[in-house]
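Taking our numbering, the leading residue of the sequence shown gets 438, the next gets one more, and so forth.
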Amino acid sequence: MATDGYMLLAFGQEGVNYKLDKDGNIITTGLDPKQAWTAKEMQPLTQMRNMVYVNSGPELAARYPSFKTASGRVQDPLAYRYAYDKQPYQESTGAGVINPPSNAADFNRFYGENIVKFVLGQQPLDDAAWATFVAGMDKLGAKDLEAAAKKTLLQTGFLK
C-alpha cells in the first residue's frame, strides 16, 4: 500500500481503487469497476486529486489511456498532447481585449459555416468563392470589427 498522501489522494487505496503493474503503472484491471479510481462513484473519495496531480508520465498514462473507438480506430490522447506540446507558443493575450461584434451570433455562424464548407470541399476554394465569402463578412461588419480591434490593440499596447 502507498505510504504517501500523493497516491492516496490521487488514486485512492492500492488494491481497492487501483493497482500497480510490474512496471509501476497505475491500472484498474481485476478490480471492482465501481471501486476503481476512475469510477464516478469514487470521485468524492479522490476529490482532492487536483491538489496533488503533478502530470508525471505514469500519472498521465493512468488518466488518459489509449482506447479503441466503436469503429475500431485506436485513439491515444497522450500522443495528441505530446504533439501539441511540440508546437511553438502563440501569444494570444490580446484576443481577450477585442470586443465581439454586436451581431456576434450571425457573424460567427456565417464565418464558421463557410470555413467548414471550404475545408470539407462543399464549396470550392477559388477566387470567386473567396470574394463572395469576404463580401458576406463585410456585410456583417467585418471591416468595422477589424478597425475597432486594431484600435483597441494599439491603445492597449498589444500592437505598435
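Ideal Cβ positions, reconstructed from N, Cα and C, are used throughout, including at glycine.
Quick caveat, the model's predicted, so the values are computed rather than measured.
Query, Result
"Endpoints, the alpha helix (DSSP H) within which K588 is located", "A579 to Q592"
"Local conformation of P537 per DSSP, three classes", "coil"
"Minimum C-alpha distance to A584 - residue among P538, A565 and A476", "P538"
"Between the CA atoms of V571 and K588 - distance to the nearest angstrom", "21 Å"
"Close beta carbons around L582, own chain, < 6 Å, minus the five adjacent residues each side", "P538"
"Residues that DSSP places opposite Y455 in a beta bridge", "E451"
"N-terminal and C-terminal residue of the alpha helix (DSSP H) that N487 is part of", "R486 to V489"
"Collapsed DSSP secondary structure at M438 in the structure displayed", "With a pLDDT of only 45 at M438, under the threshold of 50, the placement of this residue in the model should not be trusted; the figure read from the coordinates follows. The answer is coil: DSSP assigns M438 none of H, G, I, E or B."
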